[in-house]
Each structure stands twice: as C-alpha cells, then as structure tokens.
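In this note's numbering, the protein residues as written are 34 to 218.
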C-alpha cells in the first residue's frame, strides 16, 4: 500500500476499504501475539521469583517474623547491620486480602494488620544448631582460672572502690565559641 500524495483519490479509498476489511483479522492476530507475550512474561516472572513465592500460604497459628520497616528506613551507621526482622509472632487470623493479624506467643494481640510481604515463615531449629551457650558462674571462673592470680588482686575490685569523702566533681567550664561574628583576628 502506498500513501503517496500523488496517488489518485479512488486508489486511496480502495486502500482504506481493504484496511477496514482486514481490521478483524489484524485484531485477532494482535490478540494472539499479545497473549503469547503475556504468557512468556508470566513464565519469566515465575522463574525469576520462584524463591520469593511461598510454597504454601501462611495459616493461622503459623510462627512468622515481621519485617521492621522503621529500621529499614533508618540509614544511620548504628542501625546498618542490625537485625531487621522482629518476632517470632503467631498468626491469629487472616483478613483474606493478603493481610494478617498477629499475636505474641503468650496470646497478646498486636494492634493492626500486617501485609504478607512483611512476613516470613519462622523456621524452628529442630537440630539445635543455634542453641545459646549457657555459661554458669562456675564456668566463667573455670575459663579464667588458668590466668595468673597476680594480674587481678582483691584490692583492685572496682565494685568496692569509693571516692574519698572530700572529692567533688570538676565544674564544667562554659563553652567559649572559637569564632564570633563581628570580631576580627
């Protein structure tokens, strides 16, 4: 089809009629191509996110951890490496729209609802890999028993040291600015 300005009017009208006649065929073809592209995009998204999607939905009485969004927003140096998941909590009920109500393990309900993208399944440590070492006082004394006794004398015990009766804390000196406007060196 040519759309040149020199084309006679009758030929342009005939080309337009052919386009209108082929419209249904073109729409059907475009629909097939779009459906194929959408299936391909869905397949790629499922492959990409296969580790993000839960194999089973969260249910009532499941143990979950809650993502702390306030800690996520805080970009200070102190919070940089802090643990951003709090909990574990129990799911008390579901609202049906991908949000959950949570409760503490003792049954105290948390206020509000929480979206599924802020929750992750809490996995119990059945094998005991992450059991804390419970050191008793006797264990601590055994750890340090091999050290020389002369390094720690009974007189240097910091808990028993008291300041002299006449001792007074130093008074703070007033803050003097290094530069004040209007003064010249």
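The C-beta atom is built at its ideal place from N, Cα and C for all residues, glycine as well.
Query, Result
"With DSSP as the reference, label residue 154 as helix, strand or coil.", "strand"
"Going by DSSP, name the residue or residues bridged to residue 53.", "In the DSSP output, where bridge partners are listed per residue, residue 53 has none listed."
"Between residue 45 and residue 56, what straight-line distance do the alpha-carbon atoms span, to the nearest angstrom?", "17 Å"
"Among residues of its own chain, excluding the 5 on either side of residue 169, which ones have a beta-carbon nearer than 8 Å to its beta-carbon?", "Its pLDDT being 47, under 50, residue 169 is placed unreliably by the model, and nothing is read from it."
"Where residue 102 and residue 160 are concerned, what is the direct C-alpha to C-alpha distance, given to the nearest angstrom?", "31 Å"
"For residue 97, which residues does DSSP report across the bridge?", "122, 154"
"Of all the options 68, 123, 79, which has the alpha carbon lying nearest to the alpha carbon of residue 92?", "123"
"By how many angstroms is the C-alpha of residue 64 removed from the C-alpha of residue 70?", "10 Å"
"The beta strand (DSSP E) spanning residue 135 covers which residue range?", "132-136"
"For residue 149, collect the residues of the same chain with a Cβ closer than 6 Å to its Cβ; drop the 5 residues on either side in sequence, then sort them by chain order.", "131"
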